[in-house]
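Using our numbering, you'd call the opening residue of the sequence shown number 4 and step up by one each time.
Think of the CB as a built atom: it goes at the ideal place given N, C-alpha and C, for glycine as much as any other residue.
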Amino acid sequence: MQPQTSPQSEEKERVSLIHSYSNAFKGFSAMLTEEEASLLSGEDGVVSVFRDQNLQLHTTRSWDFIESELGLGSLKFHQRFPKDVIIGLVDTGIWPESPSFADAGMGEIPSRWKGVCMEGIDFKKSDCNKKLIGARYYGNQPSSIHLPSNGTKTTPEGSPRDDVGHGTHTASTAAGAMVLNASYYGLAHGAAKGGSPSSRLAMYKACSIGGCAGSAVLKAIDDAVSDGVDIISISIGMSSMFQSDFLSDPIAIGAFHANQKGVLVVCSGGNDGPDPYTVINAAPWILTVAASSIDRSFQSSIVLGNGNVIKGIGINFSNLTHSASYPLVFGGHAAAQGTPASEASNCYPGSLDSRKTKGKIIVCVDNDPTVTRKIKKLVAQDAQTNGLVLIDEVEKGVAFDSGSYPFSEVGDKAGVQILKYINSTKNPVATILPTVDVNGYKPAPIVAYFSSRGPGGLTEGILKPDVMAPGVSILAAAIPSNEIGAVPDGKKPSNFGIKSGTSMACPHVTGAAAFIRSSHPRWSPSIIRSALMTTATAWSNIGKPLTNSSGANANLHDTGAGEISPMKALRPGLVYETTTEDYLYFLCYYGYKEQVISAMAGTKFSCPKNSSPELITNLNYPSISVARIDGTKNTVSVTRTVTNVGPGNSTYSVTVEAPSGFIVRVSPEKLAFSKRWMKASYQVSFDVKGASKGYGFGSLTWSDGAHIVRSGFAVNVL
């Protein structure tokens, strides 16, 4: 669509069109003036015009932990199902030489595949194979600067090759081939594999270390749908502080149209936790993922001069041992001249006096989250220390990789022990031992502190996140690194790395979804999502409710439906189907105009006359969220419809777990099915006259004795 006039229409050399979208939906990205954008937004058939934003990356044993007793991920198990599920990842590219992308034993590429393997400056068509069947790249990624040997260097834009490591890690987590004897320099040793090792992979490089242009992400989704992928995995998103509405968000727009074409889109929920209202990628047609820990810990012990051993967390490959100790100093006691002790205690840049720290192990606290652990480590190294002990209650559960530099992190309780020891003697000493991995850690899973929390900032009528999956200290394929200090002495660069983030949780769910689709190829995206949600577990490996990183019981805004259990999701019994029409009604209830919704739908669509945000709660979703209810007056009723995908001639009964002061009634209390794919509806009423103000959380569970179908609910009492 071309505006009639433009103040810059005579600029012959100005680049206008960047991307055109013509597969799953119609549109384009272009360089426009404010006036041009304003004129265009008023044209008929235009859904939205929005500024191209920079989206951020949300950056072995985990699959064994999820289904250890049932063997999910074993090649023998996957051979029972078809192998032609295709996963598309929108990310930073891929390192094709990784053994995780080997195609040994894989059959011919599915004939329905229409994608390409784009060549680039360091990527050939021969880098693709029967595992990595497609690779594309997009030229308008945000520029980025690396630490170079000769000045500055922009990230290569002309290749699908990964130069960040994020895309390689996520791709192998979702569908990496089995690699025996994998480890990160001896840590996390075992067989590395993806959740669906028999699935194919296609990489869409729309990101660099500087982030991801929204227009490139939208183009990548459009191409992936046209190429023939079954599932799209996106471990990126906007900052929770700058969320756009659903029809100005490139991921939400692209995911909507992918869903229309039967393609499931799985997204990370963001790393802005633990504050509420931080979850992103929360459109109801997106499967939104929170992050959790697994039952493995990377332990780096601190041995004090009094003989006490403090079990800290961290990844270090130092050469320190029990046999030698070093002077121990608190950062606040080693402040540079004119520097406040509070800054030195936090290891601020320039805050330490190297004459007071040289050759010593320094202890710092983390009262200021703007100074990252990596910066604190660099500050300590610059002060010529022999190691760093960091006291941080919040981040202690997520191991920081310090390479060969001695590092360990402890919580407040252990930190008090260390500081008391320092103050109890004139010559405190200590050493930091190299990391060992400890399996069987309890309790697990725990909600990661960084995992973004609900309720959603755009609407509280949909309960988000949807599910939780491993995202802390995950071993997966990596770019071999030659960075100084990153590779232990005498070792070659590793083919594997350990990363944390909802970025790592997202491909776990992607792999699980591919695993389910391989068994049920005709299931729609919403059925797969429902199966994963209603079979998720709300219990840890000690048989108690899930907790967060502070030790408190987690709620549904932390965990969603709970930790995924893919084996159970193969046979969910009942499912909640959410159709494209349901999503269009959601847009009506949210407040969009019929003209805009019709343009999104690609056909004429009429909204109900009584459309209002309160009706969003009635979207046929596997969970229930009531955004607001007057505790003194109202009772709210919600309707849901389930579809039987289990045996015919089955009867389900309901049980309810409700918080104190809630009266929750379900009608009918039994649902009878005479055949598969038969539907039945029920109504839930919430009477909260005796409840406390704020959100209350509970669940209703349908069971026929063989299947357990659990739906969580969140109700906000005013």
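One question on the structure: do residue i and residue j come within less than 8 Å of each other, judged by their Cβ atoms?
i: K380; j: Y408; result: yes
i: L478; j: A293; result: no
i: I449; j: T373; result: no
i: T438; j: I318; result: yes
i: P102; j: N370; result: no
i: V687; j: V641; result: yes
i: K133; j: D106; result: yes
i: V441; j: R299; result: yes
i: Y188; j: P483; result: no
i: T620; j: S614; result: no
i: S271; j: M471; result: no
i: V93; j: V232; result: no
i: E396; j: D415; result: yes
i: E597; j: S609; result: yes
i: D707; j: S653; result: yes
i: G353; j: A344; result: no
i: N556; j: A447; result: no
i: T646; j: L577; result: yes
i: A258; j: D230; result: no
i: V512; j: V228; result: no
i: S533; j: Y579; result: yes
i: G500; j: G168; result: yes
Just checking my contact of residue i with residue j at CB under 8 Å: how many whole Å lie between their CB atoms?
i: K692; j: G649; result: Not a contact, Cβ separation roughly 37 Å.
i: N623; j: T658; result: Contact flag wrong, Cβ pair sits at about 21 Å.
i: V171; j: I97; result: For the record, residue 171 in the displayed sequence is Thr; it is not Val. With a Cβ gap of about 5 Å, T171 and I97 count as contacting.
i: G273; j: S476; result: G273 to S476, Cβ: 19 Å. No contact.
i: L331; j: I237; result: Wrong, their Cβ atoms sit about 45 Å apart, outside the cutoff.
i: P279; j: P458; result: 7 Å
i: A480; j: S175; result: 4 Å
i: A383; j: D356; result: Not confirmed; about 13 Å, so no contact.
i: G664; j: S684; result: With a Cβ gap of about 27 Å, G664 and S684 do not count as contacting.
Return the first residue and the last residue of the alpha helix (DSSP H) that residue i is part of.
i: E584; result: T583 to Y593
i: M536; result: P528 to T537
i: E597; result: E597 to A604
i: G217; result: G217 to D230
i: R520; result: T505 to S522
i: G137; result: Taken as a continuous stretch (DSSP letters only), G137 belongs to no alpha helix (DSSP H), being part of the beta strand (DSSP E) at L135 to Y140.
i: H560; result: L559 to T562
i: M570; result: P569 to A572
i: A107; result: Note, A107: premise wrong, no alpha helix (DSSP H); not H, not E.
i: S345; result: A344 to S348
Locate the beta strand (DSSP E) running through residue i, then write down its first and last residues.
i: S723; result: This structure leaves residue 723 out entirely; the chain is present only between 4 and 721.
i: F410; result: F410 to V413
i: N647; result: T638 to N647
i: I89; result: I89 to D94
i: A489; result: That residue, A489, is in no beta strand (DSSP E); it is neither H nor E in DSSP.
i: H169; result: From DSSP, H169 is part of no beta strand (DSSP E) but of the alpha helix (DSSP H) over H169 to A178.
i: G500; result: F499 to K502
i: H260; result: It is not in any beta strand (DSSP E) - H260 instead sits in the alpha helix (DSSP H) that spans P253 to Q263.
i: P473; result: V470 to P473
i: A2; result: Shown here, the chain extends from 4 to 721; a query on residue 2 therefore has no answer.
i: S455; result: Note, S455: premise wrong, no beta strand (DSSP E); not H, not E.
i: A293; result: L290 to S295
i: S247; result: S247 -> no beta strand (DSSP E), and no H or E assigned at all.
i: H710; result: Premise fails: H710 is in no beta strand (DSSP E) and is neither H nor E.
i: I3; result: Outside the displayed span of the chain (4 to 721) sits residue 3, for which this structure offers no information.
i: T658; result: S653 to E660
i: G664; result: Looking at the DSSP string, G664 is not in any beta strand (DSSP E), and its letter there is neither H nor E.
i: N442; result: V439 to N442
i: V687; result: K682 to D690
Does residue i have its Cβ less than 8 Å from a Cβ in chain B?
i: A517; result: In the structure shown, chain B does not exist; there is a single protein chain.
Below 8 Å, can you find three or more Cβ-Cβ pairs linking the region 248-264 to the region 584-598?
Counting C-beta pairs with one atom in each stretch, the region 248-264 and the region 584-598 have three or more that are closer than 8 Å, which means they touch.
Counting pairs of Cβ atoms below 8 Å between the region 257-267 and the region 556-569, do you hit three or more?
Under the Cβ criterion (8 Å, minimum of three pairs), the region 257-267 does not count as touching the region 556-569.
At 3 residues or longer, what runs of the beta strand (DSSP E) sit wholly inside the region 356-415?
For the region 356-415, whole beta strand (DSSP E) runs of length 3 or above, ordered along the chain, are 364-368, 390-394 and 410-413.
If you pair each beta-carbon of the region 297-307 with each one of the region 273-285, do three or more pairs fall below 8 Å?
Contact annotation: the region 297-307 does not touch the region 273-285, with fewer than three C-beta pairs closer than 8 Å.
So, do the region 206-224 and the region 176-184 have three or more beta carbon pairs nearer to each other than 8 Å?
Short answer: they don't touch.
Assess, as a yes-or-no matter, whether the region 534-548 is touched by the region 417-436 under the definition of 3 or more beta carbon pairs within less than 8 Å.
The region 417-436 is not in contact with the region 534-548.
Any contact of the region 503-518 with the region 359-366, i.e. 3+ C-beta pairs under 8 Å?
By the C-beta criterion, the region 503-518 is judged not to be in contact with the region 359-366, since fewer than 3 inter-stretch pairs fall below 8 Å.
Can at least three beta-carbon pairs, one atom from the region 384-393 and one from the region 462-470, be found at a separation below 8 Å?
The answer is no - the region 462-470 does not touch the region 384-393, with fewer than three Cβ pairs under 8 Å.
So does the region 703-711 actually touch the region 651-665, counting three or more Cβ pairs closer than 8 Å?
Contact between the region 703-711 and the region 651-665 is present, because at least three Cβ pairs lie under 8 Å.
What are the start and end residues of each continuous alpha helix (DSSP H) run of 4 or more residues lying completely inside the region 265-336, in chain order?
Counting only runs of 4 or more, we get nothing.
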